[in-house]
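>
Protein chains in written order, with our numbering: chain E, 1 to 114; chain V, 1001 to 1109.
1) Please check the pair residue 1096 of chain V and residue 33 of chain E, which I expect to be a contact at CB under 8 Å, by giving their CB distance rounded to whole angstroms.
2) Taking all protein chains shown into account, do 16 or more other C-beta atoms lie within 10 angstroms of the C-beta of residue 1031 of chain V, making it buried, or fewer, making it exposed?
3) Helix, strand or coil: which one does DSSP assign to residue 30 of chain E?
4) So residue 1062 of chain V is in the beta strand (DSSP E); what residue range does that whole segment cover?
5) Quick check on this structure: which residue in V:1029, V:1041, V:1052, V:1078 has the alpha carbon closest to the alpha carbon of residue 1035 of chain V?
6) Leaving out five residues before and five after residue 12 of chain E in sequence, what residues of the same chain have Cβ atoms less than 7 Å from its Cβ?
7) Hey, how far is the Cα of residue 1055 of chain V from the Cα of residue 1021 of chain V?
8) Which of the three DSSP states is assigned to residue 82 of chain E in this structure?
9) With residue 1013 of chain V and residue 1087 of chain V assumed to form a contact (beta carbons below 8 Å), what rounded beta-carbon distance in angstroms separates them?
Now the structure itself:
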């Protein structure tokens, strides 16, 4: 099991562009959460997907949107990129209905907006 | 709103010395508390959680609801403990995690 995989690992975009980040959860997991980690900060919760629906959302603008597919993989989309969107984006997966709900993290996608 | 506070950004300790990382939280309900660790060039991973009451790699953490704290301790630091440590809480029992800003631990040989 490769665990949680994210792609791409690094990305450079221009202000105003749109970006899509991808996440494949750990085998057996049904829930995907996305986090933004700015330099020197802890991860900040963006949103969580379960059963192909956004179940919870943190304090992020509507420019941040996502999707979960039937195979539980997920995408994070960010429109109209701002310089402040530069960060490490982490995906975490878990099994919501399981006895052990530990969240497993991917390596992250480093997004740089110029 | 929930908040996790880790007051010290950088902690340098000598090998064999005790380590204590402080974590305080504010939350109105009954949260679940965690410590996550990130070693150099590795992904964020769970170190321990308060409900399991385990000692992992010599680390322990006790939830003190009166002081709303979940401090991480290890009596004798090892070089391999050098890493970034994040305290986190979840609520609603659904793995939405709120993280502190993290502590960089450097163990000096």
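A virtual CB, placed ideally from N, CA and C, is assigned to each residue, including glycine.
Computed from a predicted structure; not experimentally measured.
In brief:
1) Translated into positions along the second chain, residue 1096 of chain V becomes position 96. Translated into positions along the first chain, residue 33 of chain E becomes position 33. The Cβ separation is near 7 Å, so the contact holds.
2) Indexing the second chain from 1 puts residue 1031 of chain V at position 31. By the 10 Å Cβ count, residue 1031 of chain V comes out buried.
3) For the purposes of this step, residue 30 of chain E is identified with residue 30 of the first chain, where counting begins at 1. Of the three classes helix, strand and coil, the one that applies to residue 30 of chain E here is coil, per DSSP.
4) Looking up residue 1062 of chain V in the second chain gives position 62. Here the beta strand (DSSP E) through residue 1062 of chain V covers 1060-1064.
5) Here residue 1035 of chain V is taken as the residue at index 35 of the second chain, counted from 1. Per the Cα distances, V:1052.
6) Position 12 of the first chain holds residue 12 of chain E. Counting only Cβ-Cβ distances below 7 Å, and skipping sequence neighbours, we find 112, 114.
7) Translated into positions along the second chain, residue 1055 of chain V becomes position 55. Translated into positions along the second chain, residue 1021 of chain V becomes position 21. The straight-line gap from Cα to Cα measures roughly 15 Å.
8) In the first chain, counting from the first residue as 1, residue 82 of chain E sits at position 82. Three-state result, residue 82 of chain E: coil.
9) Looking up residue 1013 of chain V in the second chain gives position 13. Looking up residue 1087 of chain V in the second chain gives position 87. Incorrect: roughly 18 Å between the Cβ atoms, too far for contact.
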